[in-house]
Amino acid sequence: METLTQLRDRIAALFPAADVVLATNPSPSAQHALRLDATHARAIATFLRDDPALQLDQCTNVTGIDWPEKEVVDVTRTTVPDPAGGAPRVVEEKTRRIEPGRLEVVYHLYSIALSHGPVVLRLVTGNRTDAVTLPSLTPVWRSAEFQEREVYDLFGIVFEGHPDLRRILMWDGFKDHPMRRDYREPDDYEWEPTPHGDVLAKAKQHYPAPAPSAPSTP
Amino acid sequence: MNASPFTNPSTGAHVRSVRSDLPGDLMEVSMGPHHPSTHGVFRMIVTLDGETIVRLKPVFGYLHRNHEKLAENTSYLGSMPYTDRLDYLNSMTNNWAYARAVEQLAGIAVPERAEYVRVILAELTRLLNHTCLAGFLMQDCGCSGTPLMYAFREREKILDLFESLSGSRMMCNYQRFGGCRVDPSADWLARARQLVEEYGPFLDEFEALLTGNEILLARTQGVGRLSAALAINAGVTGPMLRATGVNHDLRKVDGYGVYPRFQFRIPLGEHGDVYDRYMIRILEMRESLAILRQAFAGLPAGPIMNPAAKLRGFRPKVGEAYGRIEGPKGEIGFHLVSDGGPNPWRYHVRAPSFINLTILEDLCLGHTVADAVIILGSIDIVLGEVDR
Chain A
103 METLTQLRDR
113 IAALFPAADV
123 VLATNPSPSA
133 QHALRLDATH
143 ARAIATFLRD
153 DPALQLDQCT
163 NVTGIDWPEK
173 EVVDVTRTTV
183 PDPAGGAPRV
193 VEEKTRRIEP
203 GRLEVVYHLY
213 SIALSHGPVV
223 LRLVTGNRTD
233 AVTLPSLTPV
243 WRSAEFQERE
253 VYDLFGIVFE
263 GHPDLRRILM
273 WDGFKDHPMR
283 RDYREPDDYE
293 WEPTPHGDVL
303 AKAKQHYPAP
313 APSAPSTP
Chain B
3 MNASPFTNPS
13 TGAHVRSVRS
23 DLPGDLMEVS
33 MGPHHPSTHG
43 VFRMIVTLDG
53 ETIVRLKPVF
63 GYLHRNHEKL
73 AENTSYLGSM
83 PYTDRLDYLN
93 SMTNNWAYAR
103 AVEQLAGIAV
113 PERAEYVRVI
123 LAELTRLLNH
133 TCLAGFLMQD
143 CGCSGTPLMY
153 AFREREKILD
163 LFESLSGSRM
173 MCNYQRFGGC
183 RVDPSADWLA
193 RARQLVEEYG
203 PFLDEFEALL
213 TGNEILLART
223 QGVGRLSAAL
233 AINAGVTGPM
243 LRATGVNHDL
253 RKVDGYGVYP
263 RFQFRIPLGE
273 HGDVYDRYMI
283 RILEMRESLA
293 ILRQAFAGLP
303 AGPIMNPAAK
313 LRGFRPKVGE
323 AYGRIEGPKG
333 EIGFHLVSDG
343 GPNPWRYHVR
353 APSFINLTIL
363 EDLCLGHTVA
373 DAVIILGSID
383 IVLGEVDR
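As you go down the protein sequences, you meet chains A and B in turn. Following this note's numbering, the numbering of the first sequence begins with 103 at its first residue and continues without gaps. Following this note's numbering, the numbering of the second sequence begins with 3 at its first residue and continues without gaps.
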């Protein structure tokens, strides 16, 4: 199979308007990925499936990942020559920036026909609150059907064009998305007949203490 | 389906007991979640036209405990015992898949002896799973008890081996990143070898009981047909996929571990029906026996753990990896994302029986409820893995 860089260039030639970025993976697995923009994702996915040199006919795995907003410290080192003629100094400049939160879906593609893979696709949402819509790849690979439902259920990514987007593991009336990093269970979630510790503290907020029973008269 | 007077010409549905020209309402039946044929807590909302299924929606999640969230809140090693509880019949292969994903993530080498032991345990697990599946399938066909008890008798022998090696029958927690937890003794290997020698005659006996059985043939042939194109597109893996005739086995395709050193064949089906799925599993067990014999013969001496592998305080560098192996039910994979911390930032299980369920409705359309039961049985699901 061609390298991922060659593949990226080929996609860029075929879809000039598409924004395809090579996302490198520093781990020893070296499973690098292509980050696609949402607009062209389905067209590119169809191309990957149907191209005779690739034939990525199996979308094995779909994973959702949550990246909450976090503060990143960038360190830039500049070498300043000493005007007095001594050894140059290294000046460290720290800049803090806020990396915006986002949700991500990762697709692992393999080819059964040509026995190669994985080609990893990544799609990223705009944020974690209101721009959480991504195109569904279920029309391209049916195997994404239940897996995208799972990602919708647990992460709250809405897949546009999915034939049957419902909750799959949690029940229908459930409100939140439990795989998000900042998910907190409702504090009246647990009930125990003899609460103690944290559960007791939570229970006291929600359930009034039972009235003391009348002293038994002899 | 043959063109019998019982085939509805307009819908192509195979109607057995009602006149198709009678106007009638559709009926919705909720099968499960507490139904003995659902292999756990699984529900199918079935819409029936007479006796014919026209719509089927699986409902699950009753056993959901957010396994992935648990894993993200514990160390890499701490998740290993949890993987036992995914597909609780096949804890050895679950362990291996997870260990393999971590080994890919952190670049850990595995000693040769450990690779051989892993193959031995994975093939024993395959024997165990397929034997049980054949027994369960017969139970689903209405053959109450006998084949299942035969299967469970043999399963118990393999579980005894697992227990004496790992300390637990089903929750083995045996594989580690970079090797295995304990070295099998010479006595254990002799007993395992003995079991493998006795397994062939058991399979002969089992097959004499079942494979040519007229009732089994009548119930399973032509039922729940799956086409190769749909199977590939829907991500179906394992014996389900090979029963449709697609030659795809990760032991050959990825050649992970020491599998390329062994001679074995990949049985393939022709029709993709329930009978082929049953037969593939029987044939795979025979190949597993061949692999086991070669593995026992070639088992080298040496360390069982990579001494450089770190278990406690293990912090892989930033990155991610998707590791997969051929489990008895299909491709079991783990997708791990590390942010450099002691816990995985993201831990995702690619559960084969969860994804194989995608095509349940396609398989059941046009069949009766009784057929849906054996179609579900032939998919081979374990709810611990489906619901996670």
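Glycine included, every Cβ here is placed at the ideal spot set by N, Cα and C. All figures in this text were calculated on a predicted structure; none of them were measured in a lab.
Taking any Cβ of chain A, which residues in the region 349-375 of chain B have a Cβ under 8 Å from it, in chain order?
If the cut-off is 8 Å between Cβ atoms, the region 349-375 of chain B has His350, Arg352, Phe356, Ile357, Leu359, Thr360 and Ile361 near chain A.
Beta carbon of Val164(A) nearer than 8 Å to that of Gln249(A)
For the purposes of this step, residue 164(A) is taken as the residue at position 62 of the first sequence. For the purposes of this step, residue 249(A) is taken as the residue at position 147 of the first sequence. For Val164(A) and Gln249(A), yes; Cβs fall inside 8 Å.
From Cys174(B), Gly52(B), Arg45(B) and Phe44(B), pick the residue whose C-alpha is nearest to that of Glu29(B); which is it?
If you number the second sequence from 1, residue 29(B) lands on position 27. The residue asked about is misnamed: residue 29(B) is Met in this sequence, not Glu. Met29(B) has its Cα closest to that of Gly52(B), out of Cys174(B), Gly52(B), Arg45(B) and Phe44(B).
Where Pro118(A) and Asp139(A) are concerned, what is the direct C-alpha to C-alpha distance, given to the nearest angstrom?
In the first sequence, residue 118(A) corresponds to position 16, counting from 1. In the first sequence, residue 139(A) corresponds to position 37, counting from 1. Distance between the alpha carbons of Pro118(A) and Asp139(A): 12 Å.
Whole angstroms is fine: what's the gap from Gln307(A)'s alpha carbon to Asp152(A)'s?
Taking the first residue of the first sequence as position 1, residue 307(A) is located at position 205. Taking the first residue of the first sequence as position 1, residue 152(A) is located at position 50. Approximately 58 Å, taken between the alpha carbons.
Does any residue of chain B have a CB that is nearer than 8 Å to the CB of Pro241(A)?
For this step, residue 241(A) is matched to residue 139 along the first sequence. Cβ-Cβ to chain B under 8 Å: no for Pro241(A).
In whole angstroms, what separates the C-alpha of Met94(B) from that of Arg179(A)?
Taking the first residue of the second sequence as position 1, residue 94(B) is located at position 92. Taking the first residue of the first sequence as position 1, residue 179(A) is located at position 77. Their backbone Cα atoms lie some 50 Å apart in a straight line.
Would you give the residue range spanned by the beta strand (DSSP E) that Tyr209(A) belongs to?
Locating residue 209(A) in the first sequence gives position 107, where the first residue counts as 1. Taken as a continuous stretch (DSSP letters only), the beta strand (DSSP E) holding Tyr209(A) covers Arg204 to Ser213.
Within-8 Å CB hit, His132(B) to chain A:
Within the second sequence, the letter at position 130 stands for residue 132(B). Chain A, which has no Cβ nearer than 8 Å to the Cβ of His132(B), makes this no.
Any beta-carbon of chain A closer than 8 Å to the one on Leu301(B)?
The count along the second sequence starts at 1 and reaches residue 301(B) at position 299. For Leu301(B), the answer is no, since every Cβ of chain A falls outside 8 Å of its Cβ.
Residue nearest to Leu267(A) in terms of C-alpha spacing, selected from Ser245(A), Arg230(A), Thr231(A) and Ser238(A):
Counting from 1 along the first sequence, the entry for residue 267(A) is found at position 165. Ranking the options by Cα distance to Leu267(A), first place goes to Ser238(A).
Under 7 Å (Cβ pairs) to chain A, residues found in the region 56-88 of chain B
Here the close residues are Gly63, His66, Asn68, Glu70 and Lys71.
Reference Asn92(B); option with closest CA among Met33(B), Phe62(B), Phe264(B) and His132(B):
Looking up residue 92(B) in the second sequence gives position 90. For the residues Met33(B), Phe62(B), Phe264(B) and His132(B), the minimum Cα distance to Asn92(B) belongs to His132(B).
What's the C-alpha gap between Asp255(A) and His279(A)?
The residue labelled residue 255(A) in the question sits at position 153 within the first sequence. The residue labelled residue 279(A) in the question sits at position 177 within the first sequence. If you draw a straight line from the Cα of Asp255(A) to the Cα of His279(A), it is about 6 Å long.
Glu272(B), buried or exposed, once every other Cβ within 10 Å from all chains shown has been counted against 16
Taking the first residue of the second sequence as position 1, residue 272(B) is located at position 270. The residue is exposed, with fewer than 16 neighbouring Cβ atoms inside 10 Å.
Within the 8 Å Cβ cut-off, does Pro202(A) reach chain B?
Here the question's residue 202(A) lines up with position 100 in the first sequence. So, not an interface residue.
Below 8 Å on C-beta distance, what does Ile334(B) contact in chain A?
In the second sequence, the residue the question calls residue 334(B) occupies position 332. Neighbours of Ile334(B) on chain A: none; closest Cβ ~11 Å, over 8 Å.
In the DSSP assignment, the beta strand (DSSP E) including Ala323(B) goes from what residue to what residue?
Locating residue 323(B) in the second sequence gives position 321, where the first residue counts as 1. Gly321 to Gly329 is the extent of the beta strand (DSSP E) around Ala323(B).
By the criterion of Cβ-Cβ separation under 8 Å, what are the contact partners of Val258(B) in chain A?
Stepping through the second sequence from its first residue, residue 258(B) is reached at position 256. Note that residue 258(B) is Tyr in the sequence shown here, rather than Val. None at all; the shortest Cβ gap to chain A is about 13 Å.
What is the C-beta distance between Gly203(A) and Glu171(A), in whole angstroms, given that I count them as a contact (C-beta under 8 Å)?
Along the first sequence, read from residue 1 onward, the residue named residue 203(A) stands at position 101. Along the first sequence, read from residue 1 onward, the residue named residue 171(A) stands at position 69. The Cβ separation is near 4 Å, so the contact holds.
Consider the Cβ of Ala108(B): report whether some Cβ of chain A lies at a distance smaller than 8 Å.
Position 106 of the second sequence, counted from the first residue, corresponds to residue 108(B). At least one chain A Cβ lies under 8 Å of Ala108(B).
Any beta carbon from chain B within less than 8 Å of Val208(A)'s own beta carbon?
Along the first sequence, read from residue 1 onward, the residue named residue 208(A) stands at position 106. Interface residue, yes.
Short CB-CB distance (under 8 Å) between Val112(B) and chain A
Locating residue 112(B) in the second sequence gives position 110, where the first residue counts as 1. For Val112(B), the answer is no, since every Cβ of chain A falls outside 8 Å of its Cβ.
Asp51(B), enclosing alpha helix (DSSP H) - first and last residue
For the purposes of this step, residue 51(B) is identified with residue 49 of the second sequence, where counting begins at 1. Here Asp51(B) belongs to no alpha helix (DSSP H); instead the beta strand (DSSP E) covers Arg45 to Asp51.
Along the chain, where does the alpha helix (DSSP H) that runs through Arg110(A) open and close?
For the purposes of this step, residue 110(A) is identified with residue 8 of the first sequence, where counting begins at 1. Taken as a continuous stretch (DSSP letters only), the alpha helix (DSSP H) holding Arg110(A) covers Leu106 to Leu116.
Buried or exposed, going by whether 16 or more other CB atoms sit within 10 Å of the CB of Ala155(A)?
Along the first sequence, one-based indexing puts residue 155(A) at 53. Ala155(A) should be labelled exposed.
Separation of Ala230(B) from Thr227(A), as counted between CA atoms:
The count along the first sequence starts at 1 and reaches residue 227(A) at position 125. The count along the second sequence starts at 1 and reaches residue 230(B) at position 228. About 34 Å.
Just by C-beta distance, which residues in the region 215-237 of chain B are closer than 8 Å to chain A?
Correct list: Leu232, Ile234, Asn235, Ala236 and Gly237.
Looking at C-beta atoms only, is the number of pairs between the region 341-361 of chain B and the region 260-276 of chain B that lie closer than 8 Å three or more?
no
How about Ala116(B) and Gly137(B): are their beta carbons less than 8 Å apart?
Within the second sequence, numbered from 1, the residue matching residue 116(B) stands at position 114. Within the second sequence, numbered from 1, the residue matching residue 137(B) stands at position 135. No, the pair does not count as a contact, with Cβ atoms beyond the cut-off.
Would you identify the three-state DSSP class for Tyr349(B), choosing helix, strand or coil?
Along the second sequence, one-based indexing puts residue 349(B) at 347. Reduced to three states, the DSSP call for Tyr349(B) is strand.
In three-state DSSP terms, what is Glu272(B)?
On the second sequence, residue 272(B) is found 270 positions in, with the first residue counted as 1. Reduced to three states, the DSSP call for Glu272(B) is coil.
Locate the alpha helix (DSSP H) running through Asn97(B), then write down its first and last residues.
Residue mapping note: residue 97(B) aligns to position 95 of the second sequence, counting from 1. Ser93 to Ala108 is the span of the alpha helix (DSSP H), which, as asked, contains Asn97(B).
Is the region 171-185 of chain B touching the region 82-89 of chain B in the sense that three or more CB pairs, one from each, lie closer than 8 Å?
yes
From Tyr78(B) to Leu123(B), what distance separates their C-alpha atoms?
Indexing the second sequence from 1 puts residue 78(B) at position 76. Indexing the second sequence from 1 puts residue 123(B) at position 121. Their backbone Cα atoms lie some 22 Å apart in a straight line.
Does the beta-carbon distance from Glu322(B) to Pro354(B) come in below 8 Å?
Here residue 322(B) is taken as the residue at index 320 of the second sequence, counted from 1. Here residue 354(B) is taken as the residue at index 352 of the second sequence, counted from 1. No, they are not a contact pair.
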